[in-house]
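Enquirer:
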Amino acid sequence: MPVYAAVKLGREPCECEPLHEPVGGWVWVRCPDLGALLREVARSLLSGFEPLVATPRGLLDPLEAEARSSELEDPVLDGEFLVLARGNPLELLELGAAAVEWKPGNPTARARFRGARAARLLERGFIPIVWTGAEAERPARSSSGKA
Numbered sequence: 002m003p004v005y006a007a008v009k010l011g012r013e014p015c016e017c018e019p020l021h022e023p024v025g026g027w028v029w030v031r032c033p034d035l036g037a038l039l040r041e042v043a044r045s046l047l048s049g050f051e052p053l054v055a056t057p058r059g060l061l062d063p064l065e066a067e068a069r070s071s072e073l074e075d076p077v078l079d080g081e082f083l084v085l086a087r088g089n090p091l092e093l094l095e096l097g098a099a100a101v102e103w104k105p106g107n108p109t110a111r112a113r114f115r116g117a118r119a120a121r122l123l124e125r126g127f128i129p130i131v132w133t134g135a136e137a138e139r140p141a142r143s144s145s146g147k148a
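The opening position of the sequence shown corresponds to residue 2 in this note's numbering, with each subsequent residue numbered one higher.
1) Measure the C-alpha to C-alpha separation of G88 and P108 and round it to an integer number of angstroms.
2) Per DSSP, what are the beta-bridge partners of F127 in this structure?
3) With DSSP as the reference, label R12 as helix, strand or coil.
4) For the region 105–124 against the region 72–81, do three or more pairs of beta-carbon atoms, one drawn from each stretch, fall closer than 8 Å, so that the two count as touching?
5) With three or more beta-carbon pairs closer than 8 Å as the criterion, would you say the region 51–61 touches the region 5–12?
6) Give me, in chain order, the residues of the same chain whose beta-carbon lies closer than 7 Å to that of L94; leave out the 5 immediate sequence neighbours on both sides.
7) So what does DSSP say about E81, is it helix, strand or coil?
8) Is it buried or exposed, S45, if we count other Cβ atoms within 10 angstroms and call 16 or more buried?
9) Whose C-beta lies closer than 6 Å to the C-beta of V28 among residues of the same chain, with five residues either side of it excluded?
10) Here's the rule I'm using: 16 or more other beta-carbon atoms within 10 Å means buried, otherwise exposed. How should T56 be labelled?
11) Mind pulling the alpha helix (DSSP H) runs of 4 or more residues that sit fully within the region 31–70?
12) Tell me whether E22 sits in a helix, a strand or coil according to DSSP, three-state version.
13) Could you give the distance in angstroms between the alpha-carbon of S71 and the alpha-carbon of P105?
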């Protein structure tokens with residue numbers, strides 16, 4: 002079953018299909034299965050980059066990916082998100098947005114969703130920004146190994 006995630010890999014994905022041009026290093030990808038996504042993360046780690054994976058629920062620890070696979074197989078937008086709009090942002094209302102705030106000429110809209118399927122938005126050229134603040138969520142790592 003395909004999985005969808007927003008990733009920051011520090012490199013081009015090999016097995017997963019990028020669904021848009023990177024935005025601040027982040028890109029939504031469609032992978033043939035969970036194993037392909039985890040192999041992308043492993044390749045990124047092997048290259049010396051610390052990869053990040055996000056879903057509409059926030060940052061995802063790859064070690065928890067199997068337990069949270071439903072988030073990846075069918076990511077659902079609930080709540081308020083920024084959306085990079087490649088088309089008319091008012092189309093977001095047809096895709097599950099309950100409300101949309103947008104200023105003409107601005108490529109970003111703020112939308113409030115209730116159960117919208119992220120894959121449908123991505124197919125129509127809309128990029129839900131689920132990674133805002135994700136780097137700040139990442140737990141700090143100690144390089145010395147001492148507490």
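We put the CB at the ideal spot given by N, CA and C, even for glycine.
Expert: Quick look at the numbers:
1) 9 Å
2) A86
3) coil
4) These segments touch.
5) The region 51–61 makes contact with the region 5–12; the number of CB pairs closer than 8 Å reaches 3 or more.
6) These residues qualify, in order along the chain: V101.
7) Here E81 carries a strand assignment [DSSP, helix/strand/coil].
8) buried
9) P19
10) buried
11) 35–47
12) coil
13) When rounded, the distance between both Cα atoms is 36 Å.
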